[in-house]
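Reminder that position 111 of the sequence shown reads as 449 in the numbering used here, one-by-one numbering, no gaps.
Glycine is no exception: its CB is placed at the ideal position from the N, C-alpha and C atoms.
These numbers come from a predicted model, not from an experiment.
Here is the structure we will look at.
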Amino acid sequence: MREEMAQREEAELHRSHQKPRSPEGWGLLLVLWYLAFYKPIITEGHLRRKNIEFIFIRFSAWQYAGCDKLWAGLVTTLCDSIRHHFGALPLSVYHVMGTRPRFASGFSQKEWVLKKGTCLKLWGMLFVLAAGLSILLVALLVPGIKDHHALKVVGSAVTSLSGSSLVLGALSVLKNLLVSEKQKIERLTNSERFTSQLGFMSKVRNEVEVLVDFLAFMEIFERRRLRVVLEITSLDICYPEKVAGVLNAMNTLLSDANTPFIFILAVDPSVIVPCLEQTSCMKGLADNGYLYLNRTVTLPFSIPEMGARSRLQCLEAAVQTREDLMYRIITSNVERRRAKCQGVLVVPSLREADAEAVRCIHEAFSCLHDSADALTRYLPTNGVHVRRIVNTIPITLRLLLHRAGTPDTPSPRAAAAWVVLADQWPCRLSWALQCLEDAWQSQPAPDFGTRSLWTIFQENVGELSALRQQLHNVLSLDEDPELFQTFLASDFPFTARDARAFLGVTVNLDHSIRHKMGLLRGLDRLQKAAAAPVSRGIQCPH
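This is the structure in structure tokens:
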């Protein structure tokens with residue numbers, strides 16, 4: 339994401355010749371000036387900007403597992419991180435004097451409009467203050483007028499009234515500067531009347547809305563898009579009620595169409611799903627945690643099993659955490675810098691690889707858009723599932739190209755079909771892959787790789803039927819079984835070799851389903867072996 343951010347920044351600078359601004363140094367004075375006297379306008383030029391800045395926030399749910407409301411910890415972490423990123427002063431001034439950005443009327447490219455009302459009020463108060471001070475000074479200093487108490491009272495009253503408005507504004511900024519949004523929410527949660535306090539959620543929602551508007555203001559000031567990326571970890575070691583609370587908070591923050599938040603949810607579904615099914619948030623979803631996750635996550639990415647190279651990299655990373663081997667990190671950093679200095683000649687090959695990836699992605703999407711292609715009839719009608727497929731196809735194709743070099747590399751159309759297959763029938767595909775894996779481990783015949791995946795599924799569908807009670811929730815994720823047969827038997831007859839090629843790059847299939855099936859299949863075979871008749875020999879007299 340940082341590389342993408344740098345590339346977009348360079349491309350936007352080359353296109354518009356406008357450097358982005360930062361609220362630091364002289365930029366801090368400039369942003370305070372705009373906050374006080376100008377209203378931001380969302381113009382067509384701003385909407386055309388492609389440069390973006392990601393604000394990364396790490397949230398470990400385990401650190402807040404002891405509090406009553408884990409989602410409150412998520413919101414306070416969000417507020418505190420944004421406050422630290424931009425500084426306390428700009429956010430405090432925005433609370434008092436900031437204006438929510440509005441869209442431009444017509445084709446105007448003017449991004450800032452003067453606050454005429456604020457300027458008139460300020461000049462009026464300053465004029466009244468100056469007049470009051472003048473009257474007071476005349477009443478105190480001019481001989482012959484000192485004895486007129488009425489003039490002193492009028493001058494004092496005018497000065498106090500006009501000056502109090504300025505002082506109240508300064509005190510409001512100072513209050514928001516000293517009391518952060520995090521402290522406000524913590525004060526509400528620590529209240530004894532927290533459980534029965536009406537309007538608590540609306541207050542938290544108002545604080546979040548102020549942050550969203552402030553981010554929209556800073557987008558126009560910095561001349562780039564801003565996205566807050568929250569990485570949520572350690573959720574699968576919390577209590578079930580806290581897990582549901584965090585997911586509900588995520589859905590609340592993402593409820594707005596133009597929300598600037600991106601959530602990276604790093605969890606183990608085999609742990610999260612039972613937690614969700616134990617809570618009351620599953621009412622109306624047939625107590626199925628998988629359905630809840632499917633409606634929450636818009637880009638699923640199930641990490642495949644580690645290969646040999648990944649194991650070595652993981653081992654090397656673990657060794658580098660040793661204090662007595664820290665010099666290796668310094669050595670690797672020096673080598674990276676040398677490679678970066680000598681990496682100018684590598685850029686064309688990287689661009690060619692990226693161009694090839696873009697070509698394959700366009701080819702795959704053209705198959706989805708072609709009404710004459712058989713793949714279009716298998717596309718889901720649910721908008722969330724369509725977004726999942728569109729988000730997953732580019733990742734799958736890039737992973738395939740990264741592993742390219744074998745003569746039987748699948749085509750972009752086949753990759754798109756495989757992504758659709760994994761999204762529409764995760765249970766049946768996981769069962770076929772598990773049966774395929776078990777068959778490969780038992781040293782099959784040489785021509786086993788040419789057998790169709792549908793034939794392998796048919797041969798083992800009886801076992802799946804016997805385990806339908808244990809796999810009820812997973813089976814409910816699958817779409818029409820007849821379409822599954824048509825898909826694999828005629829339209830896309832994937833072979834065992836194709837399935838093995840795709841398995842390493844299948845990121846939109848929950849691999850915990852397949853592991854659960856392997857465990858149930860092994861236990862079922864053990865029970866059948868134990869129930870089989872055993873031949874008895876001659877009994878020993880002892």
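Beta strand (DSSP E) segment containing residue i, residue limits
i	result
I395	390-398
E569	563-571
L861	Note, L861: premise wrong, no beta strand (DSSP E); alpha helix (DSSP H) at 849-869.
L592	Run containing L592: none; DSSP gives neither H nor E here.
Reduced DSSP secondary structure (H/G/I, E/B, other) of residue i
i	result
E334	This structure does not reach residue 334, given that the chain is present from 339 up to 880, and the question cannot be answered.
K448	coil
L815	coil
R789	coil
K377	strand
T497	helix
R387	coil
F830	coil
I699	helix
I523	helix
R766	helix
L603	strand
F441	strand
K453	coil
F639	coil
Y577	coil
A754	helix
S648	helix
R359	coil
Exposed unless 16 or more other CB atoms sit within 10 angstroms - verdict on residue i
i	result
Y577	exposed
S430	buried
I667	With a pLDDT of 48 at I667, under the threshold of 50, the modelled position of this residue cannot be trusted; read the value that follows with caution. So I667 ends up on the exposed side.
D836	buried
E350	buried
D761	buried
N720	exposed
W778	exposed
H384	buried
L663	Confidence is the limiting factor: at L663 the pLDDT is only 43, short of 50, which leaves the residue's position unreliable, though a coordinate-based value still follows. When all chains shown are included, L663 counts as exposed.
C773	buried
T714	exposed
P819	exposed
I582	The residue you asked about is not Ile; residue 582 is Ala in the sequence shown. Flag for A582 reads buried.
F465	exposed
G860	exposed
E557	buried
K580	buried
V812	buried
G645	exposed
A710	exposed
V542	buried
V566	buried
Short Cβ contact (8 angstroms threshold) for residue i with residue j
i	j	result
T634	S398	no
R346	I393	no
Q808	L858	yes
G627	V605	no
L373	M435	yes
M366	G425	Per the sequence presented here, residue 366 reads as Leu, with Met not at that position. For L366 and G425, yes; Cβs fall inside 8 angstroms.
S704	V845	no
V696	I727	no
R427	L368	Before going on, a small fix: residue 427 reads as Leu here, not Arg. Not in contact: L427 and L368 (Cβ atoms no closer than 8 angstroms).
V413	V546	yes
I395	L631	no
C432	F555	Inspection of the sequence shows that residue 432 is occupied by Tyr rather than by Cys. Yes; because the gap between Cβ atoms is below 8 angstroms, this pair is in contact.
L573	V584	yes
V843	T730	no
A442	I380	yes
C457	L549	no
P642	D848	no
Run of the alpha helix (DSSP H) containing residue i, from where it starts to where it stops
i	result
R346	340-354
I420	408-424
I733	721-740
I610	607-616
N632	627-634
Heavy atom of the ligand HEM within 7 angstroms of residue i beta-carbon
i	result
L767	The ligand HEM is absent from the structure shown, which contains no ligand whatsoever.
Check whether the stretch 783-801 and the stretch 733-741 touch, using three or more Cβ-Cβ pairs below 8 angstroms as the test.
no
Is it the case that the stretch 446-461 contacts the stretch 594-604, given that we only count it when at least three CB pairs across the two stretches are under 8 angstroms?
no
Would the stretch 786-794 count as touching the stretch 814-834 if we require 3 or more Cβ pairs under 8 angstroms?
yes
Using a Cβ distance threshold of 8 angstroms, determine whether the stretch 846-854 contacts the stretch 763-782, with at least three qualifying pairs required.
yes
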